[in-house]
Amino acid sequence: MSQIRYNNTTNWKIIYFSESVQQEILVMPAGFLARYLRYSDRMEVFGPDLGMPHTRAMGEGLFELRLKATEGIARVFYCTVDGKKIVVLHQFIKKTGKTPSREFETARRRMREVKKNANTQRT
Numbered sequence: 001m002s003q004i005r006y007n008n009t010t011n012w013k014i015i016y017f018s019e020s021v022q023q024e025i026l027v028m029p030a031g032f033l034a035r036y037l038r039y040s041d042r043m044e045v046f047g048p049d050l051g052m053p054h055t056r057a058m059g060e061g062l063f064e065l066r067l068k069a070t071e072g073i074a075r076v077f078y079c080t081v082d083g084k085k086i087v088v089l090h091q092f093i094k095k096t097g098k099t100p101s102r103e104f105e106t107a108r109r110r111m112r113e114v115k116k117n118a119n120t121q122r123t
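Here the sequence shown is numbered in the UniProt record's numbering, starting from 1 and rising by one per residue.
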């Protein structure tokens with residue numbers, strides 16, 4: 001049986017919008033954190049789109065990581081920038097069936113800021 005090998009030079013890197021976003025992720029309930037760590041490891045190898053039910057493209061370059069655990073349902077929003085970087089923008093624990101527009105808008109606003117800064121650094 002052949003073994004698949006991954007070239008480390010093609011891996012994606014996960015960074016955080018801010019230190020507070022990273023801290024919010026790290027203090028999520030244990031079930032969510034375990035799933036986040038598992039899926040983020042996969043994203044570092046395979047890229048930002050793991051497909052449903054793990055990830056979903058939300059449009060205009062925004063993605064959501066869909067976390068389900070005994071504690072409930074959580075979402076982590078992220079986007080990508082040049083150089084194979086995944087930027088984690090925002091996380092929240094769902095309390096209703098639909099994602100609150102406030103959470104979605106926070107992620108979109110942060111994504112616009114990240115993309116603007118990435119474009120500014122290139123020029």
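Glycine is no exception: its CB is placed at the ideal position from the N, C-alpha and C atoms.
Since this is a predicted model, take the numbers as computed values, not measurements.
Option in Lys68, Val27, Val88 with minimal Cα separation from Trp12: On the sequence shown, residue 12 is found 12 positions in, with the first residue counted as 1. Of the candidates Lys68, Val27, Val88, the one whose C-alpha sits nearest the C-alpha of Trp12 is Val88.
Less than 8 Å between the CB atoms is what I'm expecting for Pro48 and Thr80, so what's the real figure, rounded? Locating residue 48 in the sequence shown gives position 48, counting from the first residue. Locating residue 80 in the sequence shown gives position 80, counting from the first residue. Confirmed, about 5 Å.
For the 8 Å Cβ check, are there 3 or more pairs between the region 11-29 and the region 51-65? Result no; under three Cβ-Cβ pairs closer than 8 Å.
With a threshold of 16 other CB atoms inside 10 Å of the CB of Phe32, please say whether the residue is buried or exposed. The count along the sequence shown starts at 1 and reaches residue 32 at position 32. Phe32 comes out buried.
Inter-residue Cα distance where the pair is Met28 and Ala118: Translated into positions along the sequence shown, residue 28 becomes position 28. Translated into positions along the sequence shown, residue 118 becomes position 118. About 29 Å.
Thr106 by DSSP, collapsed to three states: which one? For this step, residue 106 is matched to residue 106 along the sequence shown. DSSP places Thr106 in helix when its eight states are reduced to three.
Out of Ile93, Arg102, Lys116, which one is the CA nearest neighbour of Leu65? Position 65 of the sequence shown, counted from the first residue, corresponds to residue 65. If we check each option's Cα against that of Leu65, Ile93 comes out closest.
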